[in-house]
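Number of protein chains: 2
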Amino acid sequence: MDTNGILDTLSRCPLFAGLDPEGRLRLTSQARQKRYAAGEVIARQDFPAPGVFIVQVGQVRVVRLAPGNKEHVLHLCGPGQTVAEVAVLGEFAMPATIQAIEETTCVLLPAGPLMRALREDHALCLQLLGGMSRWVHHLVDLMEDIVLRDAVERVARYLLAETGQDKPTLNFAGTKQHIASHLNLTGETLSRVLRRLDDAGLITRINQHEVRVRHREMLGGVANGHFPRI
Amino acid sequence: MDTNGILDTLSRCPLFAGLDPEGRLRLTSQARQKRYAAGEVIARQDFPAPGVFIVQVGQVRVVRLAPGNKEHVLHLCGPGQTVAEVAVLGEFAMPATIQAIEETTCVLLPAGPLMRALREDHALCLQLLGGMSRWVHHLVDLMEDIVLRDAVERVARYLLAETGQDKPTLNFAGTKQHIASHLNLTGETLSRVLRRLDDAGLITRINQHEVRVRHREMLGGVANGHFPRI
DNA sequence: TAGCCAGATTGATCCACGTCAAAGTGCCGT
DNA sequence: ACGGCACTTTGACGTGGATCAATCTGGCTA
Numbered sequence: 014m015d016t017n018g019i020l021d022t023l024s025r026c027p028l029f030a031g032l033d034p035e036g037r038l039r040l041t042s043q044a045r046q047k048r049y050a051a052g053e054v055i056a057r058q059d060f061p062a063p064g065v066f067i068v069q070v071g072q073v074r075v076v077r078l079a080p081g082n083k084e085h086v087l088h089l090c091g092p093g094q095t096v097a098e099v100a101v102l103g104e105f106a107m108p109a110t111i112q113a114i115e116e117t118t119c120v121l122l123p124a125g126p127l128m129r130a131l132r133e134d135h136a137l138c139l140q141l142l143g144g145m146s147r148w149v150h151h152l153v154d155l156m157e158d159i160v161l162r163d164a165v166e167r168v169a170r171y172l173l174a175e176t177g178q179d180k181p182t183l184n185f186a187g188t189k190q191h192i193a194s195h196l197n198l199t200g201e202t203l204s205r206v207l208r209r210l211d212d213a214g215l216i217t218r219i220n221q222h223e224v225r226v227r228h229r230e231m232l233g234g235v236a237n238g239h240f241p242r243i
Numbered sequence: 014m015d016t017n018g019i020l021d022t023l024s025r026c027p028l029f030a031g032l033d034p035e036g037r038l039r040l041t042s043q044a045r046q047k048r049y050a051a052g053e054v055i056a057r058q059d060f061p062a063p064g065v066f067i068v069q070v071g072q073v074r075v076v077r078l079a080p081g082n083k084e085h086v087l088h089l090c091g092p093g094q095t096v097a098e099v100a101v102l103g104e105f106a107m108p109a110t111i112q113a114i115e116e117t118t119c120v121l122l123p124a125g126p127l128m129r130a131l132r133e134d135h136a137l138c139l140q141l142l143g144g145m146s147r148w149v150h151h152l153v154d155l156m157e158d159i160v161l162r163d164a165v166e167r168v169a170r171y172l173l174a175e176t177g178q179d180k181p182t183l184n185f186a187g188t189k190q191h192i193a194s195h196l197n198l199t200g201e202t203l204s205r206v207l208r209r210l211d212d213a214g215l216i217t218r219i220n221q222h223e224v225r226v227r228h229r230e231m232l233g234g235v236a237n238g239h240f241p242r243i
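Listed in order, the protein sequences are those of chains A and B. Heads up: the first sequence runs through residues 14 to 243, numbered per my numbering. Heads up: the second sequence runs through residues 14 to 243, numbered per my numbering.
This is the structure:
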């Protein structure tokens, strides 16, 4: 087992980075590395969480499933991010399914040892508390987006959040459907919105998987409800 | 200052009930009791959180405000429930406004002392971690409701959640607008939905403020997408 | 290189819910 | 008992985004 790799992953992960090396080492000894194919389900909604997963390589989606083939992508996670903390720490069934959307490797910190570590390690406890607050904050923001903003605003905000003026190009991880679902849109609507933004000259669709942001500040205006007259 | 009352409130509050009496006492010594008129703002979005509030008497709403006079009620809290934990523990600005919707008294645990206590008291830390997970869980559920279910289903679920077969009658706290906003509906739509459910015989609208659930299991069916043919 | 297939795009149509407007209801103070 | 006022209910109408149904695109296999 690649103990060094695991240790390394832990120190790169915001949730565990603040820990003292000794505590990290203790956790590492219990951890396992897991590999998943694209599309594979990592942990299933309504089942107990096997532990906390830290994404090492690849991309993972957290998706809530509901009757009638409905689904909603709560979160898209890349390397360094953690999933399933909530279910583990709250000791309830997974509120959502975790699925790899490309070939992915994760570190799994099994629930039992983690909870035991938690009972002893105060620093770890504080770290996780912070991480959890950030989760709530993120969810509230997501909620605001979905409830209070229309499609164009949501897409504009997403584009701004995922790019910077140093890195104006965004290439979509996985399918656009996943992104659309994350923004609570259909693929069709996302497509149409991107077209409108392109027509307005705010972005350029380079190809199916890449978009370049042209005017950040104007896009910011759109995100706040001022779509330029056509 | 009513120290006994505060201690009592803490032991009744799920978040602090598990604490040993000594720890509770320490917290109590720093706590203050506050009284608010109906409609008064307790803590404002985007400002630092003064501390954690525990509702003693009355009713409080947690509401997210957005440009364009838009708002969304994230949570309605009664006695024993806590608000603002997230902002305090995550050490960021309040993601939402807290407002009394009737005459209300709260216990305020100021942020500084609470964080200091947190650094020393491991049990407290674990308690809060659990509470936070429950918050996330609640938000994810709320999200599912809003994103994946239609108006009738949401109202049906709300009615079921707020009543029991021993207590089939629900009387609305505050205005119906607040409830409607919580379910991401307008007052008008809520009104229409209640009427339809009444017409179908599933509930009875006793008066403007009270509803009686007649057929729990049928309402459960409605909540899962089977509205009876008219 | 042709052919295939998943996903993306575009257009046409639909519908749940919001918005606006007009009663209706019930509570309060005088 | 009478207004007045805030909230609710109901109706008429508009619309954003979903749905359905063709193409279109681009990567992969043979």
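For each residue, glycine too, the CB sits at the ideal point set by N, CA and C.
Residue i versus residue j: straight-line alpha-carbon distance, rounded
| i | j | result |
| --- | --- | --- |
| residue 11 (chain B) | residue 158 (chain A) | The shown model of chain B, from 14 to 243, leaves out residue 11 (chain B), and the question about it has no answer. |
| residue 146 (chain A) | residue 55 (chain B) | 21 Å |
| residue 91 (chain A) | residue 53 (chain B) | 42 Å |
| residue 229 (chain B) | residue 61 (chain B) | 43 Å |
| residue 39 (chain B) | residue 100 (chain B) | 22 Å |
| residue 25 (chain B) | residue 19 (chain B) | 10 Å |
| residue 79 (chain B) | residue 162 (chain A) | 9 Å |
| residue 216 (chain B) | residue 65 (chain A) | 43 Å |
| residue 207 (chain A) | residue 201 (chain A) | 10 Å |
| residue 155 (chain B) | residue 151 (chain A) | 14 Å |
| residue 81 (chain A) | residue 129 (chain A) | 39 Å |
| residue 36 (chain B) | residue 49 (chain B) | 28 Å |
| residue 243 (chain B) | residue 234 (chain B) | With a pLDDT of 41 at residue 243 (chain B), under the threshold of 50, the modelled position of this residue cannot be trusted, and the question is left open. |
| residue 213 (chain B) | residue 196 (chain B) | 21 Å |
C-beta atoms of residue i and residue j nearer than 7 Å
| i | j | result |
| --- | --- | --- |
| residue 120 (chain B) | residue 190 (chain B) | no |
| residue 68 (chain B) | residue 85 (chain A) | no |
| residue 169 (chain A) | residue 232 (chain A) | yes |
| residue 6 (chain B) | residue 75 (chain B) | Absent from the structure is residue 6 (chain B), since the part of chain B shown begins at 14 and ends at 243. |
| residue 142 (chain B) | residue 137 (chain A) | no |
| residue 51 (chain A) | residue 116 (chain A) | yes |
| residue 149 (chain A) | residue 96 (chain B) | no |
| residue 11 (chain A) | residue 133 (chain A) | As shown, chain A starts at 14 and ends at 243. That puts residue 11 (chain A) outside it, with no answer to give. |
| residue 126 (chain A) | residue 43 (chain A) | yes |
Interface residues of chain A facing residue i [CB-CB closer than 8 Å]
| i | result |
| --- | --- |
| residue 157 (chain B) | 77, 79 and 85 |
| residue 173 (chain B) | Within chain A, no residue comes near residue 173 (chain B); the closest Cβ sits about 15 Å away, beyond 8 Å. |
Chain-ordered chain B contacts of residue i [CB-CB under 9 Å]
| i | result |
| --- | --- |
| residue 232 (chain A) | None at all; the shortest Cβ gap to chain B is about 16 Å. |
| residue 191 (chain A) | Neighbours of residue 191 (chain A) on chain B: none; closest Cβ ~15 Å, over 9 Å. |
| residue 143 (chain A) | 102, 103 and 104 |
Chain-order list of residues whose beta-carbon lies under 7 Å from that of residue i (same chain, five-residue window excluded)
| i | result |
| --- | --- |
| residue 153 (chain B) | none |
| residue 41 (chain A) | 16, 19, 20 and 23 |
| residue 225 (chain B) | 181, 182, 216, 217 and 219 |
| residue 70 (chain B) | 92, 117 and 118 |
| residue 28 (chain B) | 95, 140, 141 and 144 |
| residue 194 (chain B) | 84, 85 and 86 |
| residue 236 (chain B) | 166, 169, 170 and 173 |
| residue 123 (chain A) | 43, 63 and 64 |
| residue 192 (chain B) | 185 and 203 |
| residue 238 (chain A) | 166 |
Contacts of residue i in chain A (Cβ-Cβ under 7 Å)
| i | result |
| --- | --- |
| residue 105 (chain B) | 150 |
| residue 99 (chain B) | 146, 149 and 150 |
| residue 195 (chain B) | By Cβ distance, chain A contributes nothing, its closest Cβ being about 11 Å from residue 195 (chain B), past 7 Å. |
| residue 160 (chain B) | 85, 159 and 197 |
Strand pairing of residue i, partner residues [DSSP]
| i | result |
| --- | --- |
| residue 171 (chain B) | Bridge partners of residue 171 (chain B): none, in fact. |
| residue 17 (chain B) | Answer is none; residue 17 (chain B) lacks a bridge partner. |
| residue 218 (chain B) | B:224 |
| residue 46 (chain A) | A:120 |
| residue 64 (chain A) | A:123 |
Sequence-distant residues of its chain with Cβ nearer than 8 Å to residue i (five each side left out)
| i | result |
| --- | --- |
| residue 106 (chain B) | 58, 59, 60, 61, 62 and 100 |
| residue 198 (chain A) | 164, 167, 168 and 206 |
| residue 72 (chain B) | 89, 90, 91, 113, 114, 115, 117, 186 and 187 |
| residue 33 (chain B) | 136 |
| residue 211 (chain A) | 217 and 218 |
Residues near residue i in its chain [Cβ-Cβ closer than 6 Å; skip 5 each side]
| i | result |
| --- | --- |
| residue 240 (chain A) | 165 |
| residue 139 (chain A) | none |
| residue 31 (chain B) | 140 |
| residue 77 (chain A) | 85, 87 and 109 |
| residue 176 (chain B) | 183 and 226 |
| residue 104 (chain B) | none |
Partner residues on chain A for residue i, Cβ-Cβ distance less than 9 Å
| i | result |
| --- | --- |
| residue 88 (chain B) | Simply none; closest approach about 10 Å. |
| residue 108 (chain B) | 149, 150, 153, 154 and 157 |
Where residue i meets chain B, residues with beta-carbon distance less than 7 Å
| i | result |
| --- | --- |
| residue 119 (chain A) | By Cβ distance, chain B contributes nothing, its closest Cβ being about 20 Å from residue 119 (chain A), past 7 Å. |
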